[in-house]
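Chains as they are written, first to last, in the UniProt record's numbering: chain B, 1 to 297; chain D, 1 to 297.
Working notes for the structure below.
2 protein chains.
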Amino acid sequence: MATQPDVPSLDVPLSALLRVPPGPVDLGSYDCAATTGYPGEKDGVDERMTELGETLSQLQERLFANGRTYPDTAPAALLVLQGMDTSGKGGVLRHTVGMVDVQGLSVAAFKKPTPEELEHDFLWRIAKEVPEPGFLGTFDRSHYEDVLVSRVEQLAPPEEIEQRYDEINAFEAGLVARGIVVIKCFLHMSYAEQGQRLMERLERPDKHWKYNPGDVEARQKWPAYQDAYTVALERCNTVAAPWFVIPSDKKWYRNWAVAQLLAEHLQGLNLDWPAGDFDVQAEKERLSRTFETPARK
Amino acid sequence: MATQPDVPSLDVPLSALLRVPPGPVDLGSYDCAATTGYPGEKDGVDERMTELGETLSQLQERLFANGRTYPDTAPAALLVLQGMDTSGKGGVLRHTVGMVDVQGLSVAAFKKPTPEELEHDFLWRIAKEVPEPGFLGTFDRSHYEDVLVSRVEQLAPPEEIEQRYDEINAFEAGLVARGIVVIKCFLHMSYAEQGQRLMERLERPDKHWKYNPGDVEARQKWPAYQDAYTVALERCNTVAAPWFVIPSDKKWYRNWAVAQLLAEHLQGLNLDWPAGDFDVQAEKERLSRTFETPARK
Numbered sequence: 001m002a003t004q005p006d007v008p009s010l011d012v013p014l015s016a017l018l019r020v021p022p023g024p025v026d027l028g029s030y031d032c033a034a035t036t037g038y039p040g041e042k043d044g045v046d047e048r049m050t051e052l053g054e055t056l057s058q059l060q061e062r063l064f065a066n067g068r069t070y071p072d073t074a075p076a077a078l079l080v081l082q083g084m085d086t087s088g089k090g091g092v093l094r095h096t097v098g099m100v101d102v103q104g105l106s107v108a109a110f111k112k113p114t115p116e117e118l119e120h121d122f123l124w125r126i127a128k129e130v131p132e133p134g135f136l137g138t139f140d141r142s143h144y145e146d147v148l149v150s151r152v153e154q155l156a157p158p159e160e161i162e163q164r165y166d167e168i169n170a171f172e173a174g175l176v177a178r179g180i181v182v183i184k185c186f187l188h189m190s191y192a193e194q195g196q197r198l199m200e201r202l203e204r205p206d207k208h209w210k211y212n213p214g215d216v217e218a219r220q221k222w223p224a225y226q227d228a229y230t231v232a233l234e235r236c237n238t239v240a241a242p243w244f245v246i247p248s249d250k251k252w253y254r255n256w257a258v259a260q261l262l263a264e265h266l267q268g269l270n271l272d273w274p275a276g277d278f279d280v281q282a283e284k285e286r287l288s289r290t291f292e293t294p295a296r297k
Numbered sequence: 001m002a003t004q005p006d007v008p009s010l011d012v013p014l015s016a017l018l019r020v021p022p023g024p025v026d027l028g029s030y031d032c033a034a035t036t037g038y039p040g041e042k043d044g045v046d047e048r049m050t051e052l053g054e055t056l057s058q059l060q061e062r063l064f065a066n067g068r069t070y071p072d073t074a075p076a077a078l079l080v081l082q083g084m085d086t087s088g089k090g091g092v093l094r095h096t097v098g099m100v101d102v103q104g105l106s107v108a109a110f111k112k113p114t115p116e117e118l119e120h121d122f123l124w125r126i127a128k129e130v131p132e133p134g135f136l137g138t139f140d141r142s143h144y145e146d147v148l149v150s151r152v153e154q155l156a157p158p159e160e161i162e163q164r165y166d167e168i169n170a171f172e173a174g175l176v177a178r179g180i181v182v183i184k185c186f187l188h189m190s191y192a193e194q195g196q197r198l199m200e201r202l203e204r205p206d207k208h209w210k211y212n213p214g215d216v217e218a219r220q221k222w223p224a225y226q227d228a229y230t231v232a233l234e235r236c237n238t239v240a241a242p243w244f245v246i247p248s249d250k251k252w253y254r255n256w257a258v259a260q261l262l263a264e265h266l267q268g269l270n271l272d273w274p275a276g277d278f279d280v281q282a283e284k285e286r287l288s289r290t291f292e293t294p295a296r297k
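Laid out in structure tokens, this is it:
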């Protein structure tokens with residue numbers, strides 16, 4: 001029996017509250033400033049995050065330990081982060097993912113495909129970054145860009161993009177079959193909030209490096225992007241790999257919600273510390289004998 | 001002029017205190033429990049680490065920002081961690097490296113080479129993990145294993161191992177020439193301390209996964225390993241990429257010392273926030289116009 005670290009329990013698991021129900025999706029019906037499932041007031045969020053970080057770190061260490069011991073068969077977890085510019089993919093990585101041990105993390109960011117990547121199927125570069133057994137992998141943007149920006153900007157023929165939804169579902173089902181828990185988060189931010197955040201980047205010279213004039217062009221196509229997200233959330237919302245919508249206008253809530261989701265999913269693996277494949281007592285005696293040997297030539 | 005985050009200043013930079021002087025190395029003359037350069041008492045170490053973590057995180061963000069803006073020419077940093085089992089390579093990753101944003105990290109751990117890796121030159125697998133411009137890369141073990149375990153266990157002919165020191169120096173000089181700051185740390189722990197730490201792993205079921213009976217075999221060859229480290233520290237202690245010896249019997253000191261070394265080296269890059277290649281005022285006006293556009297189709 002695995003004794004699991006306690007994940008702060010909610011009346012209803014956050015996974016159940018934020019999971020996108022099957023069927024049509026209406027992104028406009030979501031309140032991006034909601035704090036769904038968050039118990040109490042924002043005031044307590046620092047303490048709550050510290051506590052959740054401890055739990056997350058313990059759960060992830062168990063995952064890592066299992067990966068070390070069973071390198072071919074241990075499970076893994078994959079956090080997929082999607083959202084418009086400034087929705088907080090980087091913030092979640094820094095503040096939430098950053099709470100676990102870097103040794104067990106694999107962090108991938110998918111930008112505009114390189115010429116080499118474009119020569120291959122769109123999943124080629126993605127497959128290379130799938131986390132190894134025992135790892136928590138994170139995707140900052142992902143294969144979904146190939147049905148988001150590609151759809152809005154018409155970077156591929158419509159019939160090709162049509163096929164990609166099924167290819168994505170098959171790909172993700174394959175990951176799940178290999179023991180990889182897939183947690184797909186859409187960081188849902190309002191149009192007004194994005195405007196404020198982009199303006200802040202322009203107002204602070206230490207944030208200029210994060211600003212790209214192309215961000216405004218994408219903003220001007222906001223409705224088309226929301227439509228593209230809607231289709232992706234409807235067509236790739238499988239039982240094996242469902243979508244979660246994270247209200248992301250409040251950064252503190254967004255960071256907490258992803259942490260809580262991660263903790264719930266890692267706890268769901270129900271992992272124990274791996275037993276050693278050695279005789280503990282015999283090893284203690286063998287080690288004890290070395291204490292008497294002076295460390296000299 | 002770059003205004004740099006303040007690195008807590010010491011009377012003498014820690015880099016100068018811990019750097020291995022040119023010439024013969026006598027590892028036996030080092031006190032593994034020393035707290036060289038640490039100001040004040042251990043009691044203050046938590047606050048000091050928090051403060052240093054802030055600084056480190058700010059310095060690393062500047063490095064990352066430069067990498068994003070100048071992806072071909074920005075500098076990078078590489079932290080090489082070497083030391084006997086339990087000396088704390090993992091602890092430094094968790095507690096020191098873990099203080100910076102995971103987005104700008106690349107973490108590599110080198111274990112027993114795979115059959116594919118053995119088919120190539122020993123530097124082949126290393127070169128693949130060299131950090132990209134803007135990244136802080138970490139090596140948990142490294143190319144030095146090929147002159148350490150390979151020497152002690154005679155995994156290659158002596159004349160081949162002889163050649164590797166020069167090959168390593170040429171390789172590292174190449175990294176430095178590309179703008180990569182190389183920080184090589186030998187976590188120097190005493191024989192007695194290793195015995196205690198291995199015993200603790202045996203006594204705690206949640207640590208059994210970290211224990212390997214082979215660790216005791218390596219311990220029984222302690223003098224041979226110390227000799228191999230001595231040769232590596234003598235022959236690969238170049239001006240471009242010097243060695244640092246970190247007294248590592250005290251975990252709190254070890255973690256602080258590596259953090260301080262990292263901060264001093266990143267500060268030495270003297271990086272400013274990259275300027276945007278756009279007209280800030282024009283972008284503000286362009287963005288402002290989008291505020292009036294309702295987000296509708």
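The beta carbon of each residue, even a glycine, is placed where N, CA and C say it ideally should be.
Going by alpha carbons, who is nearest to residue i out of the options?
i                : options                                : result
Leu79 (chain B)  : B:Glu41, B:Ala109, B:Glu54, B:Gly53    : B:Ala109
Pro274 (chain B) : B:Pro13, B:Gly53, B:Ala74              : B:Ala74
Ser106 (chain B) : B:Trp124, B:Ala282, B:Ala127, B:Phe135 : B:Phe135
Met84 (chain D)  : D:Ala240, D:Tyr225, D:Gln267           : D:Tyr225
Asn255 (chain B) : B:Ala76, B:Glu153, B:Asp11, B:His188   : B:His188
Val12 (chain D)  : D:Leu261, D:Val100, D:Tyr211, D:Tyr191 : D:Leu261
Asp140 (chain D) : D:Arg94, D:Glu119, D:Arg164, D:Gln281  : D:Arg94
Gly88 (chain B)  : B:Leu266, B:Val258, B:Arg289           : B:Val258
Gln103 (chain B) : B:Ser57, B:Glu203, B:Glu116, B:Gln82   : B:Ser57
Ala173 (chain B) : B:Ala127, B:Asp227, B:Lys112           : B:Ala127
Arg151 (chain B) : B:Tyr30, B:Leu59, B:Pro223             : B:Pro223
Ser248 (chain B) : B:Thr35, B:Glu153, B:Gln196            : B:Thr35
Leu233 (chain D) : D:Asp6, D:Glu264, D:Leu81              : D:Leu81
Gly37 (chain B)  : B:Leu155, B:Cys236, B:Leu202, B:Arg19  : B:Arg19
Glu193 (chain B) : D:Glu132, D:Asp6, D:Leu287, D:Val97    : D:Leu287
Phe111 (chain B) : B:Val130, B:His143, B:Gly98            : At residue 111 (chain B) the sequence reads Lys, which differs from the Phe that was named. Among B:Val130, B:His143, B:Gly98, the Cα nearest to that of Lys111 (chain B) belongs to B:His143.
Ala76 (chain B)  : B:Lys251, B:Glu47, B:Glu54, B:Glu132   : B:Glu132
Thr55 (chain B)  : B:Gln220, B:Arg219, B:Val97            : B:Val97
Arg48 (chain D)  : D:Asp6, D:Arg62, D:Leu198              : D:Asp6
Lys251 (chain D) : D:Ser9, D:Asp46, D:Ser29, D:Ala16      : D:Asp46
Ala156 (chain D) : D:Leu118, D:Tyr191, D:Ser190           : D:Leu118
Ala33 (chain D)  : D:Glu283, D:Tyr253, D:Thr238, D:Thr290 : D:Tyr253
Starting from the beta carbon of residue i, find every residue of chain D whose beta carbon is closer than 9 Å, and list them in chain order.
i                : result
Leu287 (chain B) : Gly195, Leu198, Met199, Leu202, Asp215, Val216, Arg219
Val258 (chain B) : Within 9 Å Cβ-Cβ: nothing; Val258 (chain B) doesn't reach chain D, min ~13 Å.
Gly90 (chain B)  : Asp101, Gln103
Would you mind telling me which residues of chain D sit closer than 7 Å to residue i, beta carbon to beta carbon, in chain order?
i                : result
Ala263 (chain B) : Chain D residues near Ala263 (chain B): none, gap ~17 Å exceeds 7 Å.
Ala65 (chain B)  : Trp209
Report the neighbours of residue i on chain D: residues whose CB is nearer than 8 Å to its CB, in chain order.
i                : result
Arg94 (chain B)  : Asp101, Val102, Gln103
Val107 (chain B) : Val102, Gln103, Leu105
What residues of chain B sit near residue i, judged by a beta carbon separation below 7 Å?
i                : result
Arg178 (chain D) : Residues of chain B passing the Cβ test: none, with the nearest at roughly 20 Å.
Arg68 (chain D)  : Trp209
Val97 (chain D)  : Val102
For residue i, which residues in chain B fall below 8 Å Cβ to Cβ?
i                : result
Arg151 (chain D) : Near Arg151 (chain D) there are no residues of chain B at all, since even the closest Cβ is about 15 Å away, more than 8 Å.
Find the residues of chain B that neighbour residue i, judging by a C-beta separation of less than 9 Å, and give them in chain order.
i               : result
Ile25 (chain D) : According to the sequence shown, residue 25 (chain D) is Val rather than Ile. The contacting residues do not exist; Val25 (chain D) stays about 16 Å from chain B at best.
*Would you check if the segment 54-70 of chain D and the segment 174-186 of chain D touch, i.e. whether three or more CB-CB distances between them fall below 8 Å?*
no
*On the three-pair Cβ rule with 8 Å, is the segment 163-173 of chain D touching the segment 137-148 of chain D?*
yes
*Spell out a yes or no on whether the segment 42-51 of chain D and the segment 21-29 of chain D are touching, meaning 3 or more CB-CB pairs, one atom from each, closer than 8 Å.*
no
*Of the residues that make up the segment 196-214 of chain B, which ones have a beta carbon closer than 7 Å to any beta carbon in chain D?*
Leu198, Met199, Leu202, Pro205, Asp206, His208, Trp209, Tyr211, Pro213
*What runs of the beta strand (DSSP E), each 3 residues or longer, lie entirely inside the segment 155-204 of chain D?*
180-188
*Name, going along the chain, the residues of the segment 40-56 of chain B whose beta-carbon falls closer than 8 Å to a beta-carbon of chain D.*
none
*Between the segment 266-291 of chain B and chain D, which residues of the former have CB atoms less than 7 Å from a CB of the latter, in chain order?*
Trp273, Pro274, Ala275, Gly276, Phe278, Val280, Glu283, Lys284, Arg286, Leu287, Thr290, Phe291
*Report yes or no: do the segment 205-218 of chain B and the segment 262-282 of chain D share at least 3 C-beta pairs separated by less than 8 Å?*
yes
*Mind the definition here: the segment 233-251 of chain D touches the segment 185-203 of chain D only if three or more C-beta pairs lie below 8 Å; say whether that holds.*
yes
*asked:* Which runs of the alpha helix (DSSP H) at least 4 residues long sit entirely within the segment 6-89 of chain D? Give them in chain order.
replied: 14-18, 45-69
*What residue ranges within the segment 202-266 of chain B form continuous alpha helix (DSSP H) runs of no fewer than 4 residues, ordered along the chain?*
213-220, 222-235
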